[in-house]
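Contents: one structure, followed by commentary.
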Amino acid sequence: MKEDKLSQSEGRFAELVWQHEPIPSGELVKLCEKELNWKKSTTYTVLKNLCEKGIFQNQQAVVTALIKKDAFYAEQSRRFVENAFGGSLPRFLTAFIGGKKLSDDQVDELKRLIDEHKEE
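For the sequence shown, full-length UniProt numbering gives the first residue as 1, with consecutive numbering after it.
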């Protein structure tokens, strides 16, 4: 993936593709006209940009994801933690929680995740 950030309009477009893939490009144009009120040229411009970013591909007039939604947002999150918190997950969690109290269920889930990903 060449670029990890999406503009607001690119994000809305990406969500449509992820929800409907594989989708013929002509059908994508109709969907974007209906859902985003876009013209055909806008749809193809945004599609081209996201293909250049390595997120989607348009082969034989069928649009598919090169990077699935969960993988895209996981990488975006990793880069955010790296850039904003020097890669420190504890610093990120401290900022994210921001003095709020966690429920017992949330604490249990975090402990489970830590145990699953703990280096041996």
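A virtual CB, placed ideally from N, CA and C, is assigned to each residue, including glycine.
Just to confirm the assignment, what range does the beta strand (DSSP E) spanning residue i have?
{"i": "Asn58", "result": "Phe56 to Gln59"}
Between the options, which has its C-alpha nearest residue i's C-alpha?
{"i": "Val63", "options": "Glu27, Gln106, Lys100 and Val107", "result": "Glu27"}
{"i": "His20", "options": "Lys69, Lys118, Asp108 and Leu102", "result": "Lys69"}
{"i": "Ala95", "options": "Ala84, Ser41 and Leu113", "result": "Ala84"}
{"i": "Val29", "options": "Trp18, Thr42 and Pro22", "result": "Thr42"}
Would you say residue i and residue j are within 8 Å of each other, going by their C-beta atoms?
{"i": "Cys32", "j": "Phe56", "result": "no"}
{"i": "Leu66", "j": "Asn58", "result": "no"}
{"i": "Glu35", "j": "Leu6", "result": "no"}
{"i": "Phe92", "j": "Val81", "result": "yes"}
{"i": "Ala61", "j": "Pro24", "result": "yes"}
{"i": "Glu75", "j": "Asn49", "result": "no"}
From which residue to which residue does the alpha helix (DSSP H) around residue i run?
{"i": "Leu31", "result": "Ser25 to Leu36"}
{"i": "Glu119", "result": "No alpha helix (DSSP H) contains Glu119, which DSSP labels as neither H nor E."}
Can you tell me which residues form a DSSP beta bridge with residue i?
{"i": "Val63", "result": "Ile23 and Asn58"}
Practice prompt. Could I get the ranges of all uninterrupted alpha helix (DSSP H) runs contained in the region 72-100, with 4 residues as the minimum, in chain order?
Written response: 89-97, all fully within the region 72-100.
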